[in-house]
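Comments concern the structure below.
Protein chains: 2
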Amino acid sequence: MKIISKPLRSEWINLLKRPEIEQLSLETEVTAIMNAVKLEGDSALRRFAEQFDGVKVESLQVSLAEFQQAEDKIELPLKIAIHQARTNIERFHQAQREETRIIETTPGVRCWSRAVGIEKVGLYIPGGSAPLFSTILMLGIPATIAGCKEIVICTPPDAKGEVNHVILYVARILGIKKVFKVGGAQAIAAMAYGTESIPKVYKLFGPGNQYVTSAKKMVNREGLAIDMPAGPSELAIWADETCNPSFVAADLLSQAEHGSDSQVVLVSTNEKLIKKILAEVAHQVEILPRADLAKSALENSVAFCMNSNDDCIDLLNEYAPEHLIIACEDSDYWSTKVINAGSVFLGNYSCESAGDYASGTNHTLPTNGFAKAYSGVSLDSFVKKITFQRISADGILNLGFVIETMAEAEGLWAHKNAVTLRLNKIKNDN
Amino acid sequence: MKIISKPLRSEWINLLKRPEIEQLSLETEVTAIMNAVKLEGDSALRRFAEQFDGVKVESLQVSLAEFQQAEDKIELPLKIAIHQARTNIERFHQAQREETRIIETTPGVRCWSRAVGIEKVGLYIPGGSAPLFSTILMLGIPATIAGCKEIVICTPPDAKGEVNHVILYVARILGIKKVFKVGGAQAIAAMAYGTESIPKVYKLFGPGNQYVTSAKKMVNREGLAIDMPAGPSELAIWADETCNPSFVAADLLSQAEHGSDSQVVLVSTNEKLIKKILAEVAHQVEILPRADLAKSALENSVAFCMNSNDDCIDLLNEYAPEHLIIACEDSDYWSTKVINAGSVFLGNYSCESAGDYASGTNHTLPTNGFAKAYSGVSLDSFVKKITFQRISADGILNLGFVIETMAEAEGLWAHKNAVTLRLNKIKNDN
Numbered sequence: 001m002k003i004i005s006k007p008l009r010s011e012w013i014n015l016l017k018r019p020e021i022e023q024l025s026l027e028t029e030v031t032a033i034m035n036a037v038k039l040e041g042d043s044a045l046r047r048f049a050e051q052f053d054g055v056k057v058e059s060l061q062v063s064l065a066e067f068q069q070a071e072d073k074i075e076l077p078l079k080i081a082i083h084q085a086r087t088n089i090e091r092f093h094q095a096q097r098e099e100t101r102i103i104e105t106t107p108g109v110r111c112w113s114r115a116v117g118i119e120k121v122g123l124y125i126p127g128g129s130a131p132l133f134s135t136i137l138m139l140g141i142p143a144t145i146a147g148c149k150e151i152v153i154c155t156p157p158d159a160k161g162e163v164n165h166v167i168l169y170v171a172r173i174l175g176i177k178k179v180f181k182v183g184g185a186q187a188i189a190a191m192a193y194g195t196e197s198i199p200k201v202y203k204l205f206g207p208g209n210q211y212v213t214s215a216k217k218m219v220n221r222e223g224l225a226i227d228m229p230a231g232p233s234e235l236a237i238w239a240d241e242t243c244n245p246s247f248v249a250a251d252l253l254s255q256a257e258h259g260s261d262s263q264v265v266l267v268s269t270n271e272k273l274i275k276k277i278l279a280e281v282a283h284q285v286e287i288l289p290r291a292d293l294a295k296s297a298l299e300n301s302v303a304f305c306m307n308s309n310d311d312c313i314d315l316l317n318e319y320a321p322e323h324l325i326i327a328c329e330d331s332d333y334w335s336t337k338v339i340n341a342g343s344v345f346l347g348n349y350s351c352e353s354a355g356d357y358a359s360g361t362n363h364t365l366p367t368n369g370f371a372k373a374y375s376g377v378s379l380d381s382f383v384k385k386i387t388f389q390r391i392s393a394d395g396i397l398n399l400g401f402v403i404e405t406m407a408e409a410e411g412l413w414a415h416k417n418a419v420t421l422r423l424n425k426i427k428n429d430n
Numbered sequence: 001m002k003i004i005s006k007p008l009r010s011e012w013i014n015l016l017k018r019p020e021i022e023q024l025s026l027e028t029e030v031t032a033i034m035n036a037v038k039l040e041g042d043s044a045l046r047r048f049a050e051q052f053d054g055v056k057v058e059s060l061q062v063s064l065a066e067f068q069q070a071e072d073k074i075e076l077p078l079k080i081a082i083h084q085a086r087t088n089i090e091r092f093h094q095a096q097r098e099e100t101r102i103i104e105t106t107p108g109v110r111c112w113s114r115a116v117g118i119e120k121v122g123l124y125i126p127g128g129s130a131p132l133f134s135t136i137l138m139l140g141i142p143a144t145i146a147g148c149k150e151i152v153i154c155t156p157p158d159a160k161g162e163v164n165h166v167i168l169y170v171a172r173i174l175g176i177k178k179v180f181k182v183g184g185a186q187a188i189a190a191m192a193y194g195t196e197s198i199p200k201v202y203k204l205f206g207p208g209n210q211y212v213t214s215a216k217k218m219v220n221r222e223g224l225a226i227d228m229p230a231g232p233s234e235l236a237i238w239a240d241e242t243c244n245p246s247f248v249a250a251d252l253l254s255q256a257e258h259g260s261d262s263q264v265v266l267v268s269t270n271e272k273l274i275k276k277i278l279a280e281v282a283h284q285v286e287i288l289p290r291a292d293l294a295k296s297a298l299e300n301s302v303a304f305c306m307n308s309n310d311d312c313i314d315l316l317n318e319y320a321p322e323h324l325i326i327a328c329e330d331s332d333y334w335s336t337k338v339i340n341a342g343s344v345f346l347g348n349y350s351c352e353s354a355g356d357y358a359s360g361t362n363h364t365l366p367t368n369g370f371a372k373a374y375s376g377v378s379l380d381s382f383v384k385k386i387t388f389q390r391i392s393a394d395g396i397l398n399l400g401f402v403i404e405t406m407a408e409a410e411g412l413w414a415h416k417n418a419v420t421l422r423l424n425k426i427k428n429d430n
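So the sequence lines, in the order shown, correspond to chains A and B.
Residue numbering for the first sequence is 1 to 430, as defined by the numbering used here.
Residue numbering for the second sequence is 1 to 430, as defined by the numbering used here.
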């Protein structure tokens, strides 16, 4: 992790550039997979399971018996932990519900909006070495609160043709019954187009490898909604003398262990502190099982020594990190100055892993600078807000002139006429 | 407009298919334009203005003098109308502001979210025959309420190199000073990449022709946020005996006059009523200045005679119209059954043109069935919701076990360690 000291403001944008992700040219391969699923449905999914996952899948859908067996395998402490995390995530996302309020914008003109759950949503949950059951909590909980009627999960089977038991356990407690043993681009195609077994959905969520990401991009281009554009995970930490260097180091590493493409950024006005933290990082990394991944992520990472606190916050807003930890004395004050970030952690005890699992906030967040325009996943991601209006005869009498005048100025006469007819009717009736 | 009587449920999806929009293969052309803007900046914009708009543009940015001259040209009734529409739209969108509420999900674990305006947004406003100044109200008002710091408008110049005066007047009263005389794909490129004159923005809004739409799609693919995918405008009306057939006909026509690709759908359980309405349509269309456009839109349009009210609402939810008028006796009741629609108009006096201009709801809405997953533009479209958390020592004592257990189960040891270090510190301190 190299240290950049007092960079000129004009250099910031270049210094903050994310490492270029090698765009494998997957399009041809992914398109072939997706077309096969579109044309052949389930049989293509079974063929790809053999080809890519090395397994013959009899029934694509997870059976009741499999759910039951999965539950039996989970030990009590993990059940308790998942239950507590679920409660917190539910509390935070329940609070995002909005009451419908009718606004009378002009006497007789009443307008309101109502949030309605997207009827059919698909969640992709990666399998492999780190089965991200926490992602089911983060996506499944707001989906159920939103009232999505059909929630579909696709996740790849392991070499035995089974789905990770914690994934099944979490799906079950959330009441998600439709879990399919399908991974990769073929899973995205199945949920986007529908097959004999797998329902077509209206919006797709969830992380994935380059094939999944490429497939999500493709169906998004065709008009299907997706959660957000994807990029490698990242963390920025702003620390001052009040921080605990060993905590900061541990947090940097918790981000770095995600993968070699993860990026961590450290910002401070104190170069001595930076060096102390980096020494702690070097010390702590050695005992990690995923030390290699973490070390390679750290190679892409930078510590910035800045002139002032104002420069720190400006630099961070320019970077727009997915996760931002502010381990500074005035973290409450500085939190009000954050403009671009996915999720912000304040003080010495708010570690990123709390938000990743259990504090209640969502962990599906905008990476790669997308925080400048995108929010993380929330209840909003699973609803559409439909607007309604009811205009009374008095209402159109009050508003009619406005509509007529504007429609005429835009040259849209039928728009005007729709009002004129109504005004005439009311006048004739009286 | 053909009548389809009592269609089988299994046929609905096919019957409701939108007419295929001829996808002109614009990609090559649009890519060339966009690359030129990326490389050459303002000089490319000037060249394209000559080439496409047939005009030499000296200063790309609209000057203060031009704003003043524009204002002088607006007559008082239009000023009053715009003022009233603005007030209503502001009232409705102001009410979408959310107060920050801190949720203590576990004792010592406080989480909240804060809506922050997207710093830089770009609004594309088409010029041409119908200068859509109403779209500036619909996009500019939520942008200013959201607190977007930089609001940029691009709109094509006319043959004299001028921007429509109502467009300038509306921009000015909203406090939007950066209006540029640039249209088409080159405008989208300018706002996406930035030029010497035009700032690069983080999110793009607004309707446009096929070049604009294609350019928006392209920059969206590159990661830039856009308001929503585009498609031709549409209206569905559900009418029963309590409707006024001449109002319904006028509303159908107000949608149809938008363009020959507009689609209108009429739904009723009463075939006699349908015929009466279509006769009214045939009568009213003749006097419209845009009768040709309207007639050609009506050719693509369908009236459905259904068996029951339940079938009507199910059909409409399957169609997912951009605009839906419910001119039925129990419109309040049926409004609660709407799942897929952009904006809904209830009763005989709620004409679509009210929502297009002045009632307060937004007129930028999901077309082409996108209402199944997308909302219309609202205050949400101009903010990111950043989540925050502050965990106290007590908080991490309460939550630590949960995080440690879940991180371990996902095999992410550094995530666990970030908590363990904190728990140990607290224990050692006590």
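Glycine included, C-beta positions come from ideal geometry on N, C-alpha and C.
Closer than 7 Å to a non-hydrogen atom of the ligand ZN - does that hold for the CB of residue i?
i	result
B:Leu137	Ligands in the displayed structure: none, and consequently the ligand ZN is not present.
Is any beta-carbon of chain B found at less than 8 Å from that of residue i?
i	result
A:Glu257	yes
A:Asp380	yes
A:Arg390	yes
A:Leu132	yes
A:Leu253	yes
A:Ala190	no
A:Ser343	yes
Which chain B residues are close to residue i, counting only those with a beta carbon under 8 Å from its beta carbon?
i	result
A:Trp413	Glu257, Leu288, Pro289, Arg290
A:Ile118	Lys372, Ala373
A:Asn362	Thr387
A:Leu346	Phe388, Gln389, Arg390
Could you tell me the alpha carbon to alpha carbon distance between residue i and residue j, rounded to whole angstroms?
i	j	result
A:Gln255	A:Glu241	22 Å
B:Thr364	B:Ala230	10 Å
B:Asp311	B:Lys272	18 Å
A:Leu123	B:Ile173	45 Å
B:Ala291	B:Ala249	14 Å
A:Val265	A:Leu253	11 Å
B:Val121	B:Ala146	11 Å
B:Met191	A:His283	46 Å
A:Val285	A:Gly259	14 Å
Give a yes or no on whether the minimum CB-CB distance between residue i and chain A is below 8 Å.
i	result
B:Met138	no
B:Ser335	yes
B:Tyr124	no
B:Gln69	no
B:Lys384	yes
B:Ser405	This sequence places Thr at residue 405 of chain B; Ser is not what is there. It does: the Cβ of B:Thr405 has a partner Cβ on chain A nearer than 8 Å.
Name the chain A residues that come within less than 8 Å of residue i, Cβ to Cβ?
i	result
B:Phe48	None at all; the shortest Cβ gap to chain A is about 25 Å.
B:Arg101	Ala95
Comparing C-alpha positions only, which one of the options sits nearest to residue i?
i	options	result
A:Leu137	A:Lys181, A:Ile102, A:Ala81	A:Ala81
B:Asp53	B:Gln186, B:Pro77, B:Ser134	B:Gln186
B:Val219	B:Glu27, B:Trp413, B:Ile3	B:Glu27
A:Ile176	A:Gln61, A:Ile313, A:Ser350	A:Gln61
B:Asp42	B:Ile403, B:Ser197, B:His415, B:Asp356	B:Ser197
B:Glu329	B:Ile103, B:Cys243, B:Thr213	B:Cys243
A:Trp12	A:Glu318, A:Val116, A:Glu58, A:Phe180	A:Glu318
Who are the neighbours of residue i on chain A, taking C-beta pairs under 7 Å?
i	result
B:Asn422	Reading the sequence as shown, one finds Arg at residue 422 of chain B and not Asn. Going along chain A in sequence order, the residues near B:Arg422 (Cβ under 7 Å) are Phe247, Tyr349, Cys351.
B:Ser359	Thr105, Val109, Cys111, Gln389, Ile391, Leu399
For residue i, which residues does DSSP report across the bridge?
i	result
B:Ser343	A:Thr387, B:His323
B:Gly122	B:Val152, B:Leu204
B:Trp112	B:Phe388
Along chain A, in chain order, which residues have C-beta atoms closer than 9 Å to that of residue i?
i	result
B:Leu273	Ordered by position in chain A, no residue passes the 9 Å Cβ test against B:Leu273, which lies about 17 Å from the chain.
Going along chain B in order, which residues have a C-beta closer than 7 Å to the C-beta of residue i?
i	result
A:Gly376	Thr387
A:Leu78	Thr405, Ala409
Residues of chain B with a CB under 9 Å from the CB of residue i: which are they?
i	result
A:Ala171	Neighbours of A:Ala171 on chain B: none; closest Cβ ~15 Å, over 9 Å.
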